[in-house]
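**Q** The structure under discussion is supplied below as structure tokens; questions concerning it will follow.
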């Protein structure tokens with residue numbers, strides 16, 4: 001009896017110690033855990049949406065594709081499918097299901113392996129939200145404590161809603177709405193019962209049961225979910241058999257997270273970070289921009305088309321490698337973006353003079369020489385390719401493109417290009433292309449690159465001249481000149497592009513045909529200081545040199561600065577500034593930040609802008625911009641070409657849209673002989689504008705009230721009242737500027 005008494009005392013003490021120890025352990029673990037109260041205002045990781053001016057999605061910025069939906073939008077049979085297969089006692093237990101754990105333990109013992117887990121939906125949610133996936137007892141205890149707390153803090157429906165919006169379903173989809181979109185191309189409330197069952201079966205092992213990777217396993221898993229729904233009484237036996245007999249039909253290609261206008265998106269992200277110091281990744285913001293997706297897609301296509309055409313004129317750059325010394329898989333991975341341009345990778349199997357046979361996707365294709373004569377060796381002094389063997393050999397890895405059931409040799413352009421399209425009324429950016437492909441290079445040449453602008457700068461010089469007493473009929477003698485570069489720096493003998501001189505030339509003719517010598521003589525009269533001051537008025541921030549070469553574009557300036565500078569010509573002398581974000585809404589769709597177009601900046605007189613728009617229109621009608629005449633609108637424009645054809649430019653001006661294009665090599669190599677602004681940049685402008693022309697209302701250039709048109713004799717270049725048939729009507733705004741001035 002005494003022994004029993006001692007035993008009971010020891011047992012009691014031991015029990016108290018164990019209980020106390022466990023209690024202390026649980027309390028310690030509990031103190032280390034986060035508070036579930038923060039879940040009251042839980043914010044899902046959702047992609048930030050960048051929207052165009054019509055509120056179409058340009059890009060989704062985030063690491064997880066998730067589109068949270070309320071429980072009310074999720075079909076009842078999808079909820080039941082998840083509960084049946086993951087946690088059949090969900091609405092009965094308190095966050096941790098002891099009966100479920102015992103049942104799973106027994107089943108696993110019988111099977112000799114793990115066939116069923118004991119974690120509830122609440123525990124799974126806790127693990128997703130708070131804990132690491134490590135398989136340790138301590139983590140499981142923490143999971144149970146948090147699940148119990150969560151179950152006591154949130155309603156069952158709220159827990160289920162959070163789980164269904166948070167869990168990963170594979171194929172980049174987080175939450176049931178994203179899963180419905182990536183697997184079936186529909187919204188969650190449009191799913192059928194069998195589709196819902198497939199989705200419900202994925203969280204256990206998204207990779208193993210992925211229908212696009214393992215269709216047999218996915219079918220077996222889906223039918224298991226349907227059977228569990230039958231066992232739980234959610235489906236009749238007939239319904240179960242009917243749904244289980246259906247095949248799995250998923251969308252072939254999972255829609256990727258939307259990514260358009262990637263250069264513009266980077267531009268927007270940097271601006272927001274710099275101005276507002278907010279991180280938009282996974283924050284669910286909505287950023288409303290001025291970009292027009294139709295314009296953007298047209299711009300991207302036009303830039304690519306122009307670069308492909310240029311690369312053909314330059315010749316064939318050679319294969320991507322040879323399978324004898326190159327890993328084909330690495331090549332395929334490196335150049336996976338070529339699919340965006342319709343190109344495919346093939347391997348040369350046999351080469352003859354007039355044809356070559358290549359292997360593409362395990363089948364042979366034939367390329368004929370007569371359709372690929374452009375592919376002369378790069379840099380070769382021949383006009384056309386006359387033998388495939390000069391450029392390719394067996395095993396070479398090449399790019400091909402299929403058009404009209406015929407394969408053609410293709411290549412990735414080495415030159416780059418940029419395009420920027422804006423509104424001259426408020427500065428809205430309509431389209432921005434920073435290069436051939438963002439996947440090839442993320443460097444934004446529309447904004448970050450500064451290149452010599454060539455004759456694109458001349459309208460700034462001519463604006464200064466008009467405001468300093470000259471008129472468009474001022475005569476300047478186009479003849480050889482020699483200018484000193486400074487003490488001990490030698491001399492400079494500028495020439496015209498044509499390497500000819502034309503005698504007396506009006507300002508109008510000089511700008512129309514982009515005459516260098518006339519412009520330099522005019523700049524010499526105006527003075528370098530005046531030219532530089534006008535450049536600043538036009539918004540040019542580049543520090544220009546103190547010599548006359550700046551008048552013909554020796555300065556390096558960005559495309560964005562030049563395009564916005566030209567806005568003064570379309571807007572009666574008022575220049576606009578970049579405007580591209582309208583507002584930013586938070587993840588509750590409340591306006592967080594709002595922006596309005598910047599104020600217009602007085603740059604030149606309205607009368608000067610009127611005259612300059614006339615001059616730029618004449619460049620298109622009769623000068624270097626003639627290719628733009630094919631566009632059914634009134635267009636002004638100016639080309640630019642730099643020494644040795646290193647840079648090609650064109651800016652086209654309309655009253656309601658201005659578009660600029662630059663083309664060149666990043667390493668400043670020459671583009672090739674005669675690759676001028678008219679040839680290497682203007683075609684992209686024409687192609688782009690024709691694609692969007694239906695969206696551009698017809699509008700005439702604004703008119704200055706200070707302007708009067710006078711009859712001017714074509715031979716004397718003086719105002720005349722005679723009935724001579726050789727005359728034009730020209731704009732004048734100052735009585736003192738009516739007379740023709742001669743500069744020799």
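Residue numbers (the UniProt record's numbering): 1 to 744.
Backbone N, C-alpha and C fix where the C-beta goes; we use that ideal spot for every residue, glycine too.
In this text, all values refer to a predicted model and were calculated from it rather than measured experimentally.
#1: Three-state secondary structure (DSSP) at residue 88?
#2: Report the start-end ranges of each beta strand (DSSP E) in the region 441-526 that is 3 residues or longer and not cut off at the edges.
#3: Kindly identify the DSSP beta-bridge partner or partners of residue 731.
#4: Tell me, which residues are paired with residue 604 by DSSP?
#5: Measuring alpha carbon to alpha carbon, tell me which residue in 683, 160, 667, 463 is nearest residue 120.
#6: Decide if the region 76-95 is in contact with the region 185-200; the criterion is three or more beta carbon pairs, one per stretch, under 8 Å apart.
#7: Considering only residues of the same chain and omitting the five flanking positions on each side of residue 726, which have a CB-CB separation below 7 Å?
#8: Report yes if the C-beta of residue 174 is less than 7 Å from at least one heavy atom of the ligand FAD; otherwise report no.
#9: Would you call residue 363 buried or exposed, if buried means 16 or more other Cβ atoms sit within 10 Å of its Cβ?
#10: Looking only at its own chain, which residues have a Cβ that is under 6 Å from the Cβ of residue 21, when we skip the five neighbours before and after it?
#11: Straight-line CA distance for residue 550 to residue 608?
#12: Let me know the secondary structure DSSP gives residue 377 once reduced to three states.
#13: From residue 570 to residue 619, what distance separates their C-alpha atoms?
#14: Residue 677 by DSSP, collapsed to three states: which one?
#15: Grab me the residues of residue 729's own chain with a C-beta within less than 8 Å of its C-beta, minus the 5 sequence neighbours each way, in chain order.
#16: Kindly indicate the opening and closing residues of the alpha helix (DSSP H) around residue 184.
#17: Between which residues of its own chain and residue 733 is the CB-CB distance below 6 Å, once the five residues before and five after are set aside?
#18: DSSP three-state label for residue 349, please.
#19: In this structure, how does DSSP classify residue 310 when only helix, strand and coil are distinguished?
#20: Could you tell me the boundaries of the beta strand (DSSP E) in which residue 368 lies?
#21: Using the beta-carbon count (16 or more within 10 Å), is residue 537 buried or exposed?
#22: On the criterion of 16 or more Cβ atoms from any shown chain inside 10 Å, does residue 638 qualify as buried, or is it exposed?
#23: Taking Cβ positions, are residue 349 and residue 357 nearer each other than 8 Å?
#24: CB-CB under 6 Å to residue 661, same chain, minus the five flanking residues each way: which ones, in chain order?
#25: Pull up the distance between the alpha-carbon of residue 544 and that of residue 535, whole angstroms please.
#26: Could I get the ranges of all uninterrupted alpha helix (DSSP H) runs contained in the region 62-88, with 4 residues as the minimum, in chain order?
#27: Going by CA-CA distance only, name the one from 414, 236, 658 that's closest to residue 430.
#28: Whole angstroms are fine: how far does the CA of residue 213 sit from the CA of residue 746?
#29: Helix, strand or coil for residue 169, going by three-state DSSP, please let me know.
#30: Relative to the C-alpha of residue 164, which candidate in 182, 184, 122, 183 has its C-alpha closest?
#31: What's the gap between the Cα of residue 26 and the Cα of residue 39?
#32: One question on the structure: do residue 94 and residue 150 come within less than 8 Å of each other, judged by their Cβ atoms?
#33: Where does residue 21 sit, in a helix, a strand or coil, going by DSSP?
**A** Let me spell this out:
#1: For the purposes of this step, residue 88 is taken as residue 88 along the chain shown, with counting starting at 1. Here residue 88 sits in coil by DSSP.
#2: Here the runs fully enclosed are 450-452, 475-478, 503-506.
#3: Locating residue 731 in the chain shown gives position 731, where the first residue counts as 1. According to DSSP, residue 731 bridges with 709.
#4: The residue given as residue 604 occupies position 604 in the chain shown. According to DSSP, which records beta bridges pairwise, residue 604 is partnered with nothing at all.
#5: Taking the chain shown and counting its residues from 1, the one referred to as residue 120 is at position 120. If we check each option's Cα against that of residue 120, 160 comes out closest.
#6: yes
#7: The residue you call residue 726 lines up with position 726 of the chain shown. Excluding positions up to five away in sequence, the list reads 713, 714, 715.
#8: Ligands in the displayed structure: none, and consequently the ligand FAD is not present.
#9: Here residue 363 corresponds to residue number 363 of the chain shown, with the count starting at 1. Residue 363 is exposed by the Cβ-count criterion.
#10: Residue mapping note: residue 21 aligns to position 21 of the chain shown, counting from 1. The predicted position of residue 21 is uncertain, since its pLDDT is 49 and thus under 50; no value can be drawn from it.
#11: Along the chain shown, one-based indexing puts residue 550 at 550. Along the chain shown, one-based indexing puts residue 608 at 608. Near 21 Å, if we compare the C-alpha coordinates of residue 608 and residue 550.
#12: Locating residue 377 in the chain shown gives position 377, where the first residue counts as 1. In the structure shown, residue 377 sits in a strand (DSSP, three-state: E or B).
#13: Walking along the chain shown from the start, residue 570 turns up at place 570. Walking along the chain shown from the start, residue 619 turns up at place 619. If I take the Cα positions, the gap works out to 15 Å.
#14: Translated into the one-based positions of the chain shown, residue 677 becomes position 677. In this structure, residue 677 counts as helix in the three-state DSSP scheme.
#15: Stepping through the chain shown from its first residue, residue 729 is reached at position 729. Taken in chain order, the residues that qualify are 709, 710, 711, 712.
#16: Against the chain shown, residue 184 aligns to sequence position 184. Here the alpha helix (DSSP H) through residue 184 covers 176-184.
#17: Counting from one through the chain shown, the residue named residue 733 turns up at place 733. Cβ neighbours of residue 733 beyond the five flanking positions: 607, 706, 707.
#18: As a working note, residue 349 is residue 349 in the chain shown. Looking at residue 349 - three-state DSSP - the assignment turns out to be strand.
#19: Here residue 310 refers to the residue found at position 310 of the chain shown. Note: residue 310 maps to helix in three-state DSSP.
#20: Taking the first residue of the chain shown as position 1, residue 368 is located at position 368. Run containing residue 368: 363-368, per the beta strand (DSSP E) assignment.
#21: The count along the chain shown starts at 1 and reaches residue 537 at position 537. With 16 or more Cβ atoms within 10 Å of its Cβ, residue 537 is classed as buried.
#22: Within the chain shown, the letter at position 638 stands for residue 638. With 16 or more Cβ atoms within 10 Å of its Cβ, residue 638 is classed as buried.
#23: For the purposes of this step, residue 349 is taken as the residue at position 349 of the chain shown. For the purposes of this step, residue 357 is taken as the residue at position 357 of the chain shown. A distance below 8 Å separates the beta carbons of residue 349 and residue 357.
#24: Within the chain shown, the letter at position 661 stands for residue 661. Closer than 6 Å at the Cβ level, and outside the excluded window around residue 661, lie 419, 650, 681, 684, 685.
#25: One-based indexing of the chain shown puts residue 544 at position 544. One-based indexing of the chain shown puts residue 535 at position 535. Roughly 9 Å separates the two Cα atoms.
#26: 76-86
#27: If you number the chain shown from 1, residue 430 lands on position 430. The residue with the shortest Cα to Cα distance from residue 430 is 658.
#28: Here the chain has residues from 1 to 744 only, and residue 746 is not among them.
#29: Stepping through the chain shown from its first residue, residue 169 is reached at position 169. Residue 169: strand per DSSP, three-state reduction.
#30: Indexing the chain shown from 1 puts residue 164 at position 164. Comparing Cα positions, the closest option is 122.
#31: Here residue 26 is taken as the residue at index 26 of the chain shown, counted from 1. Here residue 39 is taken as the residue at index 39 of the chain shown, counted from 1. Note that residue 26 scores a pLDDT of 48, beneath 50, so its modelled location is shaky; the value from the coordinates is reported in the next line. Rounded to whole angstroms, residue 26 to residue 39 spans 22 Å at the Cα level.
#32: Along the chain shown, read from residue 1 onward, the residue named residue 94 stands at position 94. Along the chain shown, read from residue 1 onward, the residue named residue 150 stands at position 150. No, they are not a contact pair.
#33: Within the chain shown, numbered from 1, the residue matching residue 21 stands at position 21. Confidence is the limiting factor: at residue 21 the pLDDT is only 49, short of 50, which leaves the residue's position unreliable, though a coordinate-based value still follows. DSSP places residue 21 in helix when its eight states are reduced to three.
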